[in-house]
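Undergrad: Got a structure for you, questions after.
Numbering (the working numbering), first residue to last: 6 to 593.
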């Protein structure tokens, strides 16, 4: 029959709705929703990590140390000022020019490169991240999964019953039942999404304000998305497909921001008040922390006075308990320094170039605009142009551009790193290594600097450079063990330095992190058969084999379900299956 092939798919969908949810021994903290008991925190994290690894296997993730550290720093600044700062988050960038962001189980939050390049201010990007963080903290992923279980199973069973009953008929009863049931589930999902979008907006704006960002930035980010819609006609950004947006939602976001008592201007992070020895209340703005990749962002005396005059004091007295102390908060609203915005613009252009599908078109984009539009001639756009030159094979021209930029901004890590990389590509290895060494001394512990310097040393393919690279990489691998690029470089360094066993372990770890768990396990098993392993080497390898074996067995089970399993009707599933839980917060 015309619809006979849909029967297995429908049955699989019924079963897949329950996939991944098992009775856990450890329950999530109860914050007022029965969804908390569906999946354990460790299961949630494993789902998200598995999805990230498989997306890496398909080159869907933009793994760049400089961009990753920027997004992670921005994300954790927001998390630290949320209602649940104890939660674990992982922020990463999708190699996709579509405007989208989404959250996955376990606190994994992704921002597409296209989203970053569409934002005009760092506050707007922070607004989108705060929205996604709110989805995770309010357990919307679990609530959506719980709601889907309640709604979709009865509907799917009814659809299946109608299709079976109509199996001997020649009319369109079965396809009509499927269409009607699917439409009903989609409408229920949309309704469910809108209520949670409003909740995520509300909590996200609060996080923005607490973190010192402009609370109006979420509304301006929504407006930026609307502008993209108008420019592209009917081409709706992916973010809006999963995050319904209308003028009412923008107006509500503005109203919530206004209720926080700040004008529509960027904010500085509010100071934590301290009590000096004389007992007076110190409301001084904190000294700006040094940014590893931008000139010092200081606030001069006039700005400090403006901040003081703009400060608002709010006193809230609880009417329920007359003995309760009032809650006093001081909010400072003032424009943020140019260095903060400047660093965001550098990262925005870096994301634009690294995610470009056509390097020739990207090079022309910068060259034409720099030639025809004087307002386009900014440090960030010159930086983007230099990166496009490097990636399109014109490293010498990139060196010229970057020397001029570094002369104007000598304390900028992104500019210095780009110059060192351009020198290396242009064949000036001694000058490149000296530049890397200077950057390493100035930005000790910076992952991007360390990794780039180590890779330049490994490019010499000699034992001396490999040993120096190992000195640089060891502390980084211990700190960022889930970075596949670090593991690959660490493996290469050990290989050149003569430690074949440690090299094989690192390459296996890189394979696991990039979605090839079975390959990693096979490499480790082959390594464990070597007769010359020391006791410590064998113990380390065997321990990792023990850790990876259950993961690989679970992947095999999902890809080749047995007839005895309750999931036997499901099609072959990969480790990315847990992303089915992220019903309403975006598609990776």
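Ideal Cβ placement from N, Cα and C applies to all residues, glycine included.
Are the CB atoms of residue 213 and residue 222 within a distance shorter than 8 Å?
TA: Yes.
Undergrad: Got a sec, what are the start and stop residues for the alpha helix (DSSP H) residue 527 sits in?
TA: Here the alpha helix (DSSP H) through residue 527 covers 522 to 533.
Undergrad: Got a sec, what are the start and stop residues for the beta strand (DSSP E) residue 116 sits in?
TA: Segment 113 to 117, the beta strand (DSSP E) holding residue 116.
Undergrad: Roughly how many whole angstroms lie between the Cα atoms of residue 371 and residue 391?
TA: Cα to Cα, the separation comes out at about 9 Å.
Undergrad: For residue 540, count the other beta carbons within 10 Å of its own beta carbon; 16 or more makes it buried, fewer makes it exposed. Which is it?
TA: Exposed, because fewer than 16 other Cβ atoms sit within 10 Å of the Cβ of residue 540.
Undergrad: Note down the Cα distance separating residue 52 from residue 401, rounded to an integer number of angstroms.
TA: Looking at the two C-alpha atoms, the distance is approximately 45 Å.
Undergrad: Excluding sequence positions up to five away, which residues of its chain have a Cβ less than 6 Å from the Cβ of residue 407?
TA: Here the set comprises 391, 423, 424, 427.
Undergrad: Among 77, 501, 106, 72, which residue has its Cα nearest to the Cα of residue 140?
TA: Nearest option by C-alpha distance: 106.
Undergrad: Just to confirm the assignment, what range does the beta strand (DSSP E) spanning residue 600 have?
TA: The first residue shown for the chain is 6 and the last is 593, placing residue 600 beyond what the model contains.
Undergrad: Taking the alpha-carbon of residue 97 as reference, which of 229, 104, 116, 359 has the nearest alpha-carbon?
TA: Answer by Cα proximity: 116.
Undergrad: Can you tell me the Cβ-Cβ gap for residue 441 and residue 417, rounded? I've got them flagged as a contact below 8 Å.
TA: Rounded, the Cβ-Cβ distance is 15 Å, inconsistent with contact.
Undergrad: Spatial neighbours of residue 460 within its chain, please: C-beta separation below 7 Å, excluding the five flanking residues on both sides.
TA: Hits under 7 Å: 494.
Undergrad: Taking the beta carbon of residue 629 as the centre, do at least 16 other beta carbons fall within 10 Å, making it buried, or is it exposed?
TA: The requested residue 629 does not occur in the structure, where the chain is confined to residues 6 to 593.
Undergrad: Could you tell me which residues DSSP pairs with residue 66 in its beta bridges?
TA: For residue 66, which the question treats as bridged, DSSP gives the partners 99.
Undergrad: Considering only the alpha carbon of each residue, which of 521, 445, 507, 437 lies closest to residue 544?
TA: Comparing Cα-Cα distances from residue 544 to each of 521, 445, 507, 437, the minimum goes to 507.
Undergrad: Comparing C-alpha positions only, which one of 462, 563, 356 sits nearest to residue 71?
TA: Cα-wise, what sits closest to residue 71 is 356.
Undergrad: Report the rounded CA-to-CA distance for residue 512 versus residue 492, giving the unit in angstroms.
TA: Roughly 7 Å between the two C-alpha positions.
Undergrad: Helix, strand or coil for residue 223 per DSSP?
TA: Here residue 223 sits in helix by DSSP.
Undergrad: When DSSP labels each residue in this structure, what does residue 124 get in the three-state scheme?
TA: Residue 124: coil per DSSP, three-state reduction.
Undergrad: Taking Cβ to Cβ, would you say residue 385 is nearer than 8 Å to residue 394?
TA: No, the Cβ-Cβ distance between residue 385 and residue 394 is not below 8 Å.
Undergrad: Suppose you measure from the CA of residue 429 to the CA of residue 467; what does that come to, to the nearest Å?
TA: Straight-line Cα distance between these residues: approximately 16 Å.
Undergrad: In its own chain, which residues sit with a C-beta less than 6 Å from the C-beta of residue 523, not counting the 5 before and 5 after it?
TA: Contacts found: 557.
Undergrad: On the three-state DSSP scale, how would you describe residue 361?
TA: Here residue 361 sits in coil by DSSP.
Undergrad: Flag this pair as yes or no: are the beta carbons of residue 216 and residue 82 separated by less than 8 Å?
TA: Contact: yes.
Undergrad: What are the start and end residues of each continuous alpha helix (DSSP H) run of 4 or more residues lying completely inside the stretch 356 to 434, in chain order?
TA: Entirely contained in the stretch 356 to 434, the alpha helix (DSSP H) runs reaching 4 residues are, in chain order, 364 to 377, 384 to 396, 400 to 413, 418 to 430.
Undergrad: So, under 8 Å CB-CB, residue 123 and residue 224 are touching, yes? Tell me the CB distance rounded to an integer number of Å.
TA: Between residue 224 and residue 123 the Cβ distance is about 15 Å, and since that is not below 8 Å, they are no contact.
Undergrad: Is DSSP giving residue 107 helix, strand or coil here?
TA: If DSSP states are grouped into helix, strand and coil, residue 107 belongs with the strands.
Undergrad: Near residue 454, what residues of its chain come up, given a Cβ to Cβ distance below 7 Å and the 5 sequence neighbours on each side ignored?
TA: Answer for residue 454: 418, 422, 444, 445, 448, listed in chain order.
Undergrad: Contact between the stretch 360 to 370 and the stretch 74 to 88 is defined here as three or more beta-carbon pairs at a separation below 8 Å; is this criterion met?
TA: The stretch 360 to 370 vs the stretch 74 to 88: no contact.
Undergrad: What do you get for residue 536, buried or exposed, if any count of 16 or more other CB atoms within 10 angstroms of its CB means buried?
TA: Per the 10 Å Cβ criterion, exposed.
Undergrad: Between residue 92 and residue 112, is the Cβ-Cβ spacing less than 8 Å?
TA: Taking 8 Å as the Cβ cut-off, residue 92 and residue 112 qualify as a contacting pair.
Undergrad: Starting from residue 470, trace the alpha helix (DSSP H) in both directions and tell me its first and last residue.
TA: Per DSSP, residue 470 belongs to the alpha helix (DSSP H) from 468 to 484.
Undergrad: Between which two residues does the alpha helix (DSSP H) carrying residue 557 extend?
TA: Its alpha helix (DSSP H) spans residues 540 to 564.
Undergrad: Determine the contact status of residue 100 and residue 130, defining contact as a CB-CB distance below 8 Å.
TA: No, they are not a contact pair.
Undergrad: Can you tell which of 69, 350, 109, 65 has its C-alpha closest to the C-alpha of residue 46?
TA: For the residues 69, 350, 109, 65, the minimum Cα distance to residue 46 belongs to 109.
Undergrad: Taking buried to mean at least 16 other C-beta atoms within 10 Å of its own C-beta, is residue 348 buried or exposed?
TA: Residue 348 should be labelled buried.
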